[in-house]
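Inspection log for the structure reproduced underneath, given as structure tokens.
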Amino acid sequence: TKDTDILAAFRVTPQPGVPPEEAGAAVAAESSTGTWTTVWTDGLTSLDRYKGRCYHIEPVAGEESQFIAYVAYPLDLFEEGSVTNMFTSIVGNVFGFKALRALRLEDLRIPNAYIKTFQGPPHGIQVERDKLNKYGRPLLGCTIKPKLGLSAKNYG
């Protein structure tokens with residue numbers, strides 16, 4: 011792995027008969043450049059530059075059929091400054107993969123090289139507090155879901 015790779019640790023439960031190495035490689039491929047069909051543009055790009063790689067697999071203690079698959083993703087795979095793009099790529103489609111009985115993202119290491127691509131907020135928390143005239147308490151941002159029986163008034 012490189013210092014600039016995004017590293018993910020997945021808890022993998024392969025389908026019966028699927029070796030852990032194959033399951034780990036499938037997770038790496040499906041969550042990066044892999045697809046279920048032939049894509050004519052694949053020949054136009056060096057996929058080695060973009061594909062995720064399963065670089066280590068270890069058994070989960072006390073869980074006979076579970077393994078931790080460690081996957082490294084090159085930064086070139088991701089749009090700079092986009093958490094949405096990163097998470098969509100890493101966890102978007104892979105959880106429905108047929109070679110796996112279960113999959114869980116356990117850990118994620120985001121390198122400084124990627125973190126530096128985020129601009130951050132245009133101003134600090136004090137500006138938000140001044141706009142809202144709310145001090146001395148946490149600020150909560152959430153989606154109001156009246157279908158759950160809570161009204162906007164309940165959120166204050």
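Remember, my numbering sits 10 above the position in the sequence shown when you count from 1.
A virtual CB, placed ideally from N, CA and C, is assigned to each residue, including glycine.
- Is it the case that the Cβ atoms of Q136 and G91 are separated by a distance below 8 Å? Looking up residue 136 in the sequence shown gives position 126. Looking up residue 91 in the sequence shown gives position 81. No, Cβ-Cβ distance for Q136 and G91 is not below 8 Å.
- Item | Where the beta strand (DSSP E) containing Q76 begins and where it ends | In the sequence shown, counting from the first residue as 1, residue 76 sits at position 66. Where Q76 is concerned, the enclosing beta strand (DSSP E) stretches over E73 to Y83.
- What do you get for F77, buried or exposed, if any count of 16 or more other CB atoms within 10 angstroms of its CB means buried? The residue you call residue 77 lines up with position 67 of the sequence shown. With 16 or more Cβ atoms within 10 Å of its Cβ, F77 is classed as buried.
- Proximal residues to L113 (C-beta, below 8 Å), its chain only, five neighbours per side dropped: Residue numbering aside, residue 113 sits at position 103 when the sequence shown is read from its first letter. These residues qualify, in order along the chain: F20, R21, V22, T23, V37, V104, F105 and F107.
- Give the DSSP-derived three-state secondary structure of T234 in the structure shown. Look at the range of the chain in this structure, 11 to 166, and you will see that residue 234 is not part of it.
- Message: What residue range does the alpha helix (DSSP H) around Y124 cover?
- Response: Position 114 of the sequence shown holds residue 124. Where Y124 is concerned, the enclosing alpha helix (DSSP H) stretches over N122 to I125.
- Go to P30, then tell me how far its alpha helix (DSSP H) extends in each direction, as first and last residue. Along the sequence shown, one-based indexing puts residue 30 at 20. Note, P30: alpha helix (DSSP H), P30 to E40.
- Whose CA, out of K12, D13, T11 and L17, lies closest to the CA of D117? Indexing the sequence shown from 1 puts residue 117 at position 107. The shortest C-alpha separation from D117 is found at L17.
- Task: Would you decide whether I125 is buried or exposed? Buried here means 16 or more other CB atoms lie within 10 Å of its CB.
- Result: To locate residue 125, count along the sequence shown from 1; it is residue 115. Under this definition I125 is an exposed residue.
- Across which residues does DSSP place F20 in a beta bridge pair? On the sequence shown, residue 20 is found 10 positions in, with the first residue counted as 1. F20 is bridged to A79 and L115.
- Task: Determine the extent of the beta strand (DSSP E) in which R147 is found, giving its start and end residues.
- Result: One-based indexing of the sequence shown puts residue 147 at position 137. R147 -> no beta strand (DSSP E), and no H or E assigned at all.
- Using 10 angstroms around the beta-carbon of A3, count the other beta-carbons present and answer buried if the total reaches 16, otherwise exposed. Beyond the ends of the chain as shown, which are 11 and 166, falls residue 3; an answer cannot be given.
- Query: In chain order, what residues of the same chain lie with their CB nearer than 6 Å to the CB of R119, ignoring the 5 residues before and after it?
  - Reply: Taking the sequence shown and counting its residues from 1, one reaches residue 119 at position 109. Within the same chain, R119 has close Cβ partners L17.
- If we call anything under 8 Å between Cβ atoms a contact, is L87 one with T14? Here the question's residue 87 lines up with position 77 in the sequence shown. Here the question's residue 14 lines up with position 4 in the sequence shown. No, Cβ-Cβ distance for L87 and T14 is not below 8 Å.
- Query: Would P30 be called buried (16 or more neighbouring beta carbons within 10 Å of its own) or exposed?
  - Reply: Locating residue 30 in the sequence shown gives position 20, where the first residue counts as 1. Under this definition P30 is a buried residue.
- Message: Let me check one thing: in DSSP terms, what residues is V93 bridge-paired to?
- Response: What you label residue 93 is simply residue 83 of the sequence shown in a count that begins at 1. V93 is not bridged to any residue.
- Considering only the beta carbon of each residue, do R63 and A82 sit closer than 8 Å? On the sequence shown, residue 63 is found 53 positions in, with the first residue counted as 1. On the sequence shown, residue 82 is found 72 positions in, with the first residue counted as 1. Against a cut-off of 8 Å, the Cβ pair of A82 and R63 comes out as a contact.
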